[in-house]
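Structure first, commentary second.
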Amino acid sequence: MDCKTKIKELRESTGMNRKEFCDYFQIPYRTVTDWERGIRHAPDYVLRLLEYYIMNEGLGKENQTGKQRGF
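First residue of the sequence shown: 800, per the working numbering; consecutive thereafter.
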């Protein structure tokens, strides 16, 4: 899967919009925008770390039932 598809999939899995995602993970808005548009590519380790964190911290939509995101 390419970077732009993966980063968008990860962000959407959290139910966050781009600004919320950037604020939560402290990634510059322009960086995530460029990743999602395919202008720049996130390093593989960043994608793996985001995926790991989202899965293990219960940030996925399926884990949000009754829980508030802490941002």
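Built from N, CA and C at the ideal position, the CB exists for glycine as well.
This one's a predicted model, so the numbers in the text were calculated from it and none came from an experiment.
For residue i, is the classification buried or exposed, using 16 other Cβ atoms within 10 angstroms of its Cβ as the cut-off for buried?
i, result
"Leu809", "buried"
"Leu884", "Residue 884 lies beyond the stretch modelled for the chain, which goes from 800 to 870, so this question has no answer here."
"Ile838", "exposed"
By alpha-carbon positions, which one of the options ends up nearest to residue i?
i, options, result
"Met815", "Arg836, Val831, Arg839", "Val831"
"Glu850", "Lys805, Arg836, Pro827", "Lys805"
"Tyr852", "Arg836, Phe824, Glu835", "Phe824"
Using beta carbons (cut-off 8 Å, strictly below), is residue i in contact with chain C?
i, result
"Lys803", "Structure shown: chain C not included; a single protein chain is present."
According to DSSP, is residue i part of a helix, a strand, or is it coil?
i, result
"Leu809", "helix"
"Ile826", "coil"
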